[in-house]
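Colleague:
In the working numbering, the protein residues as written are 240 to 653.
1. Using 8 Å as the limit for Cβ to Cβ distance, is residue 497 near chain D?
2. Could you give the distance in angstroms between the alpha-carbon of residue 389 and the alpha-carbon of residue 602?
3. Quick one: residues in its chain with C-beta nearer than 6 Å to the C-beta of residue 260, no 5 flanking neighbours on either side, listed in chain order?
4. Please state whether DSSP places residue 372 in a helix, a strand or coil.
5. Starting from residue 617, trace the alpha helix (DSSP H) both ways and give me its first and last residue.
6. Tell me, please, whether the segment 487-496 touches the segment 431-443 by the rule of three or more beta-carbon pairs shorter than 8 Å.
7. Does DSSP put residue 508 in a helix, a strand or coil?
8. Helix, strand or coil for residue 408? Go by DSSP, reduced to three states.
9. Taking the CB atoms as reference points, tell me whether residue 435 and residue 426 lie closer together than 8 Å.
10. So the candidates are 371, 583, 633 and 618; which of them puts its Cα closest to the Cα of residue 611?
11. Between the C-alpha atoms of residue 639 and residue 581, what's the straight-line distance to the nearest angstrom?
12. Less than 6 Å between C-beta atoms, sequence neighbours within five positions excluded: which residues of the same chain meet that for residue 326?
13. Which same chain residues, not among the five before or five after residue 627, have their C-beta less than 6 Å away from its C-beta?
14. Along the chain, where does the beta strand (DSSP E) that runs through residue 395 open and close?
15. Sort 452, 242, 337 and 256 by Cα distance to residue 466 and report the nearest one.
16. Report the partner residues of residue 245 according to the DSSP bridge assignment.
17. For the segment 506-514 and the segment 533-551, state whether three or more C-beta atom pairs, one from each stretch, are separated by less than 8 Å.
18. Assign residue 372 to buried or exposed, taking buried as 16 or more other Cβ atoms, counted over all protein chains shown, within 10 Å of its Cβ.
19. Can you round the beta-carbon distance between residue 343 and residue 648 to whole angstroms, since I take them to be within the 8 Å contact cut?
20. Please name the residue in 384, 393 and 645 whose C-alpha comes closest to that of residue 418.
21. I'd like the span of the alpha helix (DSSP H) that includes residue 277, first residue to last.
22. Using a Cβ-Cβ cut-off of 6 Å (strictly less than) and excluding sequence neighbours within five positions of residue 247, which residues of its own chain qualify?
23. For the beta strand (DSSP E) containing residue 638, name the first residue and the last one.
24. What separation, rounded to the nearest whole angstrom, lies between the Cα atoms of residue 560 and residue 244?
25. Would you report the Cα separation of residue 394 and residue 562, rounded to the nearest angstrom?
26. Check whether the Cβ of residue 495 lies closer than 7 Å to any heavy atom of the ligand SAH, and answer yes or no.
27. Locate the alpha helix (DSSP H) running through residue 572, then write down its first and last residues.
28. Three-state secondary structure (DSSP) at residue 609?
29. On the three-state DSSP scale, how would you describe residue 256?
30. Measure the alpha-carbon distance for residue 535 versus residue 296 and round it to whole angstroms.
31. Using alpha carbons as the reference points, say which of 615, 447, 429 and 381 lies closest to residue 412.
32. Select from 271, 415, 265 and 623 the residue whose C-alpha is nearest the C-alpha of residue 594.
33. Quick one: is residue 346 buried, meaning 16 or more other Cβ sit within 10 Å of its Cβ, or exposed?
34. Does the segment 585-594 come close enough to the segment 544-554 that 3 or more CB-CB pairs lie under 8 Å?
35. What's the C-alpha gap between residue 464 and residue 472?
Following this line, the structure appears as structure tokens:
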């Protein structure tokens, strides 16, 4: 039977028939879902949902009704049957056909909420490791699923927000950026939903071993000694041990994280693996890990523009990286990734809001500032640079701009 209840009456074991709100107002990839734990209930409450519809034929009823309706044993049997039905139906997998693609503008607010929640998840994971506690696997899975679904709706919204990361939150933001780019790249490569989830988990947790490293070494602003660098390199092995001790983390997730510092020519660590000895996911995350590190501001250097970072990685692909994967990664994110702030030859400045594989050098730019006149554009407008090619005086990208130097919050224009 389907009935409406207030969210404060939800409990694990229930089956939500309908979240009773627009798909834009919740973070899940469908309006029906199983309530597996309290984390899902907390998420529903955080998104401001007040009432939902539950199906008591597929899950538990509200507590007072359940006690009179069936014995404890019957409730357990019902929940067990429900679990089997949902597993058979693929409740834990994501069906691409069920997800509607949307524009960056339609997805950006939801992506922002998902990213903020992901930061909290990573912070909790890191703090748990520091305190000697185990990882809450369910929270990690739900976070990765939310990120995955956002990427399936629009691959550029979460990635665009990643362009805004802060140097003082590097470890958290880096984990989320690598996960975002890895899942987006995996989708581009045609990975199935379950594999996307597994590489997403490995990517989100790829640096958790750093929590076993002294903060004095991690936060050191002067060059590391050989001994200190050797200690830093141990984070990969520490991370593997943590993941292996976490029940439910698959081998694919573990290997994805474990191989992120290996290099095709054997110059990486911890095992100096060469060529195909490195997993395919490991070869991909190695590219993404370096790309995000290069394009992020550090306490000891400025960030590098995406184009320059991609040029460097492409050059290194003659030895360290899989060149074919590097080329595909460039096609996936574009020469000028969404969220980049670029300067046109006319002096106009805009945010990249879209691009296509066919026109990597001519993205769609939303013009927001006139650098020559030093004034903001009152009504921002889009220029599709792919349509400017044939024009004699058509616009071209002249270079990158740093949002902080122009006091521009690019996410406002996505």
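Note that beta-carbon positions come from the ideal geometry of N, C-alpha and C, so glycine has one too.
Modeller: Let me lay it out:
1. Of the chains in the structure shown, none is chain D; there is only one protein chain.
2. On the chain shown, position 150 is the one that residue 389 refers to. On the chain shown, position 363 is the one that residue 602 refers to. One C-alpha to the other measures close to 21 Å.
3. Along the chain shown, read from residue 1 onward, the residue named residue 260 stands at position 21. Counting only Cβ-Cβ distances below 6 Å, and skipping sequence neighbours, we find 288.
4. In the chain shown, counting from the first residue as 1, residue 372 sits at position 133. Here residue 372 sits in coil by DSSP.
5. Mapped onto the chain shown, residue 617 falls at position 378. Unbroken run through residue 617 is the beta strand (DSSP E), 614-623; no alpha helix (DSSP H).
6. yes
7. Within the chain shown, the letter at position 269 stands for residue 508. Of the three classes helix, strand and coil, the one that applies to residue 508 here is coil, per DSSP.
8. One-based indexing of the chain shown puts residue 408 at position 169. Helix at residue 408.
9. For this step, residue 435 is matched to residue 196 along the chain shown. For this step, residue 426 is matched to residue 187 along the chain shown. Going by C-beta atoms, residue 435 is nearer than 8 Å to residue 426.
10. By 1-based counting over the chain shown, the position of residue 611 is 372. Among 371, 583, 633 and 618, the Cα nearest to that of residue 611 is on 583.
11. Counting from one through the chain shown, the residue named residue 639 turns up at place 400. Counting from one through the chain shown, the residue named residue 581 turns up at place 342. Spanning the two alpha carbons is a distance of roughly 4 Å.
12. For the purposes of this step, residue 326 is taken as the residue at position 87 of the chain shown. Caution is warranted here: a pLDDT of 39 is assigned to residue 326, below 50, making its placement in the model unreliable, and the coordinate value is therefore given only provisionally. Hits under 6 Å: none found.
13. Within the chain shown, the letter at position 388 stands for residue 627. Here the set comprises 633 and 634.
14. Indexing the chain shown from 1 puts residue 395 at position 156. Premise fails: residue 395 lies in the alpha helix (DSSP H), 394-401, not in any beta strand (DSSP E).
15. Taking the first residue of the chain shown as position 1, residue 466 is located at position 227. The shortest Cα separation from residue 466 among 452, 242, 337 and 256 belongs to 452.
16. Here residue 245 corresponds to residue number 6 of the chain shown, with the count starting at 1. DSSP output for residue 245 lists 290 as bridge partner(s).
17. no
18. Locating residue 372 in the chain shown gives position 133, where the first residue counts as 1. Looking at its Cβ environment, which holds fewer than 16 other Cβ atoms inside 10 Å, residue 372 is exposed.
19. Position 104 of the chain shown holds residue 343. Position 409 of the chain shown holds residue 648. About 15 Å; that fails the 8 Å criterion.
20. Counting from one through the chain shown, the residue named residue 418 turns up at place 179. Here the closest residue by C-alpha is 384.
21. Reading the chain shown from its first residue, position 38 is the one you call residue 277. From DSSP, the alpha helix (DSSP H) with residue 277 extends over 277-285.
22. For the purposes of this step, residue 247 is taken as residue 8 along the chain shown, with counting starting at 1. Excluding residues within five positions, none has a Cβ falling inside 6 Å.
23. Indexing the chain shown from 1 puts residue 638 at position 399. Looking at the DSSP string, the run of the beta strand (DSSP E) that includes residue 638 is 636-639.
24. In the chain shown, the residue the question calls residue 560 occupies position 321. In the chain shown, the residue the question calls residue 244 occupies position 5. Approximately 53 Å between the Cα atoms of the pair.
25. As a position in the chain shown, residue 394 is number 155, starting the count at 1. As a position in the chain shown, residue 562 is number 323, starting the count at 1. Going by the C-alpha atoms only, they are around 23 Å apart.
26. As presented, the structure is devoid of all ligands, the ligand SAH included, so that no description of it is given.
27. Here residue 572 is taken as the residue at index 333 of the chain shown, counted from 1. Its alpha helix (DSSP H) spans residues 562-572.
28. Sequence index remark: in the chain shown, residue 609 carries index 370 (1-based). Three-state DSSP puts residue 609 in a strand.
29. The residue labelled residue 256 in the question sits at position 17 within the chain shown. Looking at residue 256 - three-state DSSP - the assignment turns out to be strand.
30. On the chain shown, residue 535 is found 296 positions in, with the first residue counted as 1. On the chain shown, residue 296 is found 57 positions in, with the first residue counted as 1. Cα-Cα distance, rounded: 50 Å.
31. Working through the chain shown from its first residue, we reach residue 412 at position 173. The shortest Cα separation from residue 412 among 615, 447, 429 and 381 belongs to 447.
32. In the chain shown, the residue the question calls residue 594 occupies position 355. Comparing Cα-Cα distances from residue 594 to each of 271, 415, 265 and 623, the minimum goes to 623.
33. Position 107 of the chain shown, counted from the start, is the residue given in the question as residue 346. Buried, since its Cβ has 16 or more Cβ neighbours within 10 Å.
34. no
35. Position 225 of the chain shown, counted from the start, is the residue given in the question as residue 464. Position 233 of the chain shown, counted from the start, is the residue given in the question as residue 472. Cα-Cα distance, rounded: 12 Å.
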